[in-house]
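Report on the structure given below.
In the working numbering, the protein residues as written are 1 to 295.
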């Protein structure tokens, strides 16, 4: 067991996840450990080796294979970190299924839900209990994750819900997609809207239960919106990238939240965008075109 800081990033082979690992490795100390995770053993190994060789890297960096679509793998990894290190200090849940505009939304629904939502639930359940005092657990979402972007008929499924109720809502959505009743029930055709709302709702649910204790120990649980980022995943969705950030620039705002002194109660449990909380009830139901261009 060690008292060195332990950081973990999912979906870290490339794009924003890789930039987050680069930044963590540069800001943490020689005795600290950054765990770069992804599904492909070869890509994970190559990425970890590259980060370790960067001139700004100060901490230790290890690549670990983790399929976030497998809740049992997440639970096992958390158990391992508890046994070996006594807990974890920084967890950034960043993995996302790459979805193209021309893809069938219904055909890709299970993959998107498993990687974005089932994984978020498992990470909150498995890593929340081993998060050490002054720790950070952040889920990368987007500004689509506010309740107002859903049809009002669906608001009761997420507003004030606990984690089990969020999970039930997500599985109800999944079932409606498979039974071709989703649009009739008010679910938008584009998966990224309910997926992001559910991610933010899950974070809010866990944070509501932990708020008093976490604020007393300087611990932060929140969802984050990095804004528009120029990556292979996001580029197919936008015609104008003039306002897009590089992954490195987008990572800086997230990392500033990670390394901030203390915790601002106004940000705890919220969706944070560039250091400010995005109101949970903001937004209006989106058209298909809106859903394609909102970062």
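Even glycine gets a Cβ: it sits at the ideal position worked out from N, Cα and C.
Computed from a predicted structure; not experimentally measured.
Of the choices the options, whose alpha-carbon is the least far from that of residue i?
{"i": "residue 58", "options": "132, 21 and 70", "result": "21"}
{"i": "residue 255", "options": "25, 11 and 70", "result": "25"}
{"i": "residue 84", "options": "167, 4 and 140", "result": "4"}
{"i": "residue 77", "options": "41, 210, 159 and 37", "result": "37"}
{"i": "residue 248", "options": "219, 168, 226 and 259", "result": "226"}
{"i": "residue 92", "options": "210, 16 and 186", "result": "16"}
{"i": "residue 229", "options": "143, 71 and 263", "result": "143"}
{"i": "residue 218", "options": "177, 262 and 125", "result": "262"}
{"i": "residue 273", "options": "111, 145, 151 and 55", "result": "145"}
{"i": "residue 42", "options": "63, 51, 27 and 23", "result": "63"}
{"i": "residue 94", "options": "19, 6 and 105", "result": "19"}
{"i": "residue 216", "options": "185, 265, 193 and 178", "result": "265"}
{"i": "residue 223", "options": "163, 203 and 69", "result": "203"}
{"i": "residue 179", "options": "244, 75 and 109", "result": "109"}
{"i": "residue 68", "options": "56, 116 and 45", "result": "116"}
{"i": "residue 66", "options": "137, 119, 88 and 50", "result": "119"}
{"i": "residue 280", "options": "201, 51 and 253", "result": "201"}
{"i": "residue 35", "options": "90, 176 and 72", "result": "90"}
Buried or exposed, going by whether 16 or more other CB atoms sit within 10 Å of the CB of residue i?
{"i": "residue 153", "result": "exposed"}
{"i": "residue 1", "result": "For residue 1, the predicted structure reports a pLDDT of 44, less than 50, and the residue's modelled location is therefore unreliable. The matter cannot be settled from this model."}
{"i": "residue 199", "result": "buried"}
{"i": "residue 286", "result": "buried"}
{"i": "residue 29", "result": "exposed"}
{"i": "residue 127", "result": "buried"}
{"i": "residue 10", "result": "buried"}
{"i": "residue 282", "result": "exposed"}
{"i": "residue 173", "result": "buried"}
{"i": "residue 332", "result": "The question about residue 332 has no answer here: the residues shown for the chain are numbered 1 through 295."}
{"i": "residue 191", "result": "buried"}
{"i": "residue 278", "result": "buried"}
{"i": "residue 122", "result": "buried"}
{"i": "residue 284", "result": "exposed"}
{"i": "residue 259", "result": "exposed"}
{"i": "residue 189", "result": "exposed"}
{"i": "residue 133", "result": "exposed"}
{"i": "residue 195", "result": "buried"}
{"i": "residue 53", "result": "exposed"}
{"i": "residue 293", "result": "With a pLDDT of 44 at residue 293, under the threshold of 50, the modelled position of this residue cannot be trusted; read the value that follows with caution. The residue is exposed, with fewer than 16 neighbouring Cβ atoms inside 10 Å."}
{"i": "residue 181", "result": "exposed"}
{"i": "residue 149", "result": "buried"}
{"i": "residue 159", "result": "exposed"}
{"i": "residue 135", "result": "buried"}
{"i": "residue 257", "result": "buried"}
{"i": "residue 270", "result": "buried"}
{"i": "residue 107", "result": "exposed"}
{"i": "residue 246", "result": "exposed"}
{"i": "residue 40", "result": "exposed"}
{"i": "residue 12", "result": "buried"}
{"i": "residue 46", "result": "exposed"}
{"i": "residue 56", "result": "exposed"}
{"i": "residue 289", "result": "Low per-residue confidence applies at residue 289: pLDDT is 49, beneath 50, and the placement is therefore not dependable enough to give any value."}
{"i": "residue 79", "result": "exposed"}
{"i": "residue 8", "result": "buried"}
Name, in chain order, the residues that DSSP records as bridge partners for residue i.
{"i": "residue 62", "result": "35"}
{"i": "residue 157", "result": "DSSP lists no partner for residue 157."}
{"i": "residue 221", "result": "137"}
{"i": "residue 90", "result": "7 and 136"}
{"i": "residue 229", "result": "245"}
The alpha helix (DSSP H) spanning residue i covers which residue range?
{"i": "residue 304", "result": "The chain is shown only over 1 to 295; residue 304 falls outside these bounds and no answer can be derived."}
{"i": "residue 150", "result": "No alpha helix (DSSP H) holds residue 150; DSSP gives it neither H nor E."}
{"i": "residue 126", "result": "119-127"}
{"i": "residue 79", "result": "71-85"}
{"i": "residue 252", "result": "247-258"}
{"i": "residue 108", "result": "First-last for residue 108: undefined, no H or E at that position."}
{"i": "residue 21", "result": "15-27"}
Locate the beta strand (DSSP E) running through residue i, then write down its first and last residues.
{"i": "residue 132", "result": "131-140"}
{"i": "residue 6", "result": "6-9"}
{"i": "residue 277", "result": "276-278"}
{"i": "residue 271", "result": "271-273"}
Every unbroken alpha helix (DSSP H) within the region 179-204, with a cutoff of 4 residues, ordered by chain: Unbroken alpha helix (DSSP H) runs of no fewer than 4 residues, entirely contained in the region 179-204, are found at 182-185, following chain order.
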